[in-house]
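Peer 1:
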Amino acid sequence: MTESKGHVAERRCIVSGESAPRAGLVRFVVGPGDVIVPDLKGKLPGRGLWVEARRGVVEAACAKNTFSRAARQKVSVPEGLPALIENQLENGCLSLLGLARKAGDIVAGFEKVKGWLQNGTAAVLVTASDAAEDGRRKLRGLSAGLQDVDLFTSDQLSLALGRGNVIHAALRDGGLARRFVAEVNLLAGYRHGEAPMGRPSANEECE
Numbered sequence: 049m050t051e052s053k054g055h056v057a058e059r060r061c062i063v064s065g066e067s068a069p070r071a072g073l074v075r076f077v078v079g080p081g082d083v084i085v086p087d088l089k090g091k092l093p094g095r096g097l098w099v100e101a102r103r104g105v106v107e108a109a110c111a112k113n114t115f116s117r118a119a120r121q122k123v124s125v126p127e128g129l130p131a132l133i134e135n136q137l138e139n140g141c142l143s144l145l146g147l148a149r150k151a152g153d154i155v156a157g158f159e160k161v162k163g164w165l166q167n168g169t170a171a172v173l174v175t176a177s178d179a180a181e182d183g184r185r186k187l188r189g190l191s192a193g194l195q196d197v198d199l200f201t202s203d204q205l206s207l208a209l210g211r212g213n214v215i216h217a218a219l220r221d222g223g224l225a226r227r228f229v230a231e232v233n234l235l236a237g238y239r240h241g242e243a244p245m246g247r248p249s250a251n252e253e254c255e
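Oh and the sequence shown: position 110 is 158 in my numbering, straight run, nothing missing.
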């Protein structure tokens with residue numbers, strides 16, 4: 049069954065018992081060997097077990113045997129599952145930066161980023177978490193009202209963009225930028241315990 053256009057799909061968190069938009073939850077399925085498998089893209093077969101996308105909630109599900117109760121069978125939870133999910137969310141964000149590079153939708157380097165901010169091309173400012181405060185302050189002074197992301201180290205940004213020493217980057221407006229912002233909000237919510245703003249779903253079909 050598909051969701052009607054404009055309808056916000058909701059699912060029930062197996063920890064809290066409360067329903068929430070599926071964009072703010074993580075889907076799990078019981079995989080081979082009765083092992084719990086995270087399904088961030090919502091495409092794996094099987095009945096979905098949904099958990100609010102906050103690390104503390106996932107940790108509670110692991111500690112309290114919630115997955116077995118929700119699945120109505122004994123299941124195994126992989127060691128380090130909460131960290132695995134965070135890594136997958138993080139890698140998803142960085143992969144989008146790589147796609148933006150290939151599409152020509154991102155620039156890196158202080159002067160290029162400054163230029164995009166000044167001429168209104170930039171929609172998202174990306175600053176390495178280990179950036180010097182001086183450069184960070186100068187660019188933020190030009191980026192009022194823009195999404196400002198500083199969740200990734202310079203090494204991570206450099207690897208994602210295929211060049212060395214990336215400290216500052218900027219994305220132009222478009223589908224990739226909007227997907228990146230949604231994924232970043234989900235990651236930030238997962239890490240810091242704030243309610244995620246949601247993300248576009250690649251698969252709008254019910255399980």
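The beta-carbon is built from N, C-alpha and C at its ideal position, and this holds for glycine as well.
Between which residues of its own chain and R103 is the CB-CB distance below 6 Å, once the five residues before and five after are set aside?
Peer 2: Numbered from its first residue, the sequence shown carries residue 103 at position 55. Around R103: P130, Y238.
Peer 1: Whole alpha helix (DSSP H) runs in the segment 166 to 193 with 4 or more residues, listed along the chain?
Peer 2: If we require 4 residues or more, the alpha helix (DSSP H) runs fully inside the segment 166 to 193 come out as 181 to 188.
Peer 1: For K122, count neighbouring Cβ atoms within 10 angstroms of its own Cβ and tell me buried if that reaches 16, exposed if not.
Peer 2: As a first step, residue 122 must be located in the sequence shown, where it is residue number 74. Answer is exposed; the Cβ neighbour count stays below 16.
Peer 1: Taking the alpha carbon of G222 as the point to measure from, which residue in A68, V106, L144, G65 has its own alpha carbon closest?
Peer 2: As a working note, residue 222 is residue 174 in the sequence shown. Of A68, V106, L144, G65, the residue nearest in Cα terms is L144.
Peer 1: Are the CB atoms of L257 and F200 nearer to each other than 8 Å?
Peer 2: One cannot answer for residue 257 here, as it falls past the ends of the chain, which runs 49 to 255.
Peer 1: If contacts are defined as beta-carbon pairs under 8 Å, then S191 and L209 qualify, I think. What distance do you get, rounded to the angstrom?
Peer 2: If you number the sequence shown from 1, residue 191 lands on position 143. If you number the sequence shown from 1, residue 209 lands on position 161. No, S191 and L209 are not in contact; Cβ-Cβ is about 19 Å, not under 8 Å.
Peer 1: Report all residues from its chain with a CB closer than 7 Å to the CB of A101; omit the five preceding and five following residues, and keep chain order.
Peer 2: For the purposes of this step, residue 101 is taken as residue 53 along the sequence shown, with counting starting at 1. Hits under 7 Å: G72, L73, V74, L234, G237, Y238, P244.
Peer 1: Could you compute how far the alpha carbon of L165 sits from the alpha carbon of I84?
Peer 2: As a working note, residue 165 is residue 117 in the sequence shown. As a working note, residue 84 is residue 36 in the sequence shown. If you take the alpha carbons of L165 and I84, they lie about 44 Å apart.
Peer 1: Could you tell me the boundaries of the beta strand (DSSP E) in which G79 lies?
Peer 2: Taking the first residue of the sequence shown as position 1, residue 79 is located at position 31. First-last of the beta strand (DSSP E) with G79: 73 to 79.
Peer 1: Between R220, R184, G212, S64, which has its C-alpha nearest A151's C-alpha?
Peer 2: The residue labelled residue 151 in the question sits at position 103 within the sequence shown. For A151, the nearest C-alpha among the options comes from R220.
Peer 1: Can you tell me which of the three DSSP states S124 falls into?
Peer 2: The residue given as residue 124 occupies position 76 in the sequence shown. Looking at S124 - three-state DSSP - the assignment turns out to be strand.
Peer 1: Tell whether a beta-carbon distance below 8 Å holds between R185 and T175.
Peer 2: As a first step, residue 185 must be located in the sequence shown, where it is residue number 137. As a first step, residue 175 must be located in the sequence shown, where it is residue number 127. It is not a contact, given that the beta carbons lie outside the stated cut-off.
Peer 1: Return the first residue and the last residue of the alpha helix (DSSP H) that S206 is part of.
Peer 2: The residue given as residue 206 occupies position 158 in the sequence shown. Its alpha helix (DSSP H) spans residues 202 to 209.
Peer 1: Less than 8 Å between the beta carbons of V125 and A217, yes or no?
Peer 2: Within the sequence shown, residue 125 is the residue found at index 77, counting from 1. Within the sequence shown, residue 217 is the residue found at index 169, counting from 1. Cβ atoms of V125 and A217: not closer than 8 Å.
Peer 1: Give me the residue from L137, F76, V99 with the minimum Cα distance to E66.
Peer 2: Taking the sequence shown and counting its residues from 1, the one referred to as residue 66 is at position 18. Per the Cα distances, V99.
Peer 1: Name the DSSP bridge partner or partners of E100?
Peer 2: On the sequence shown, residue 100 is found 52 positions in, with the first residue counted as 1. Answer is L73.
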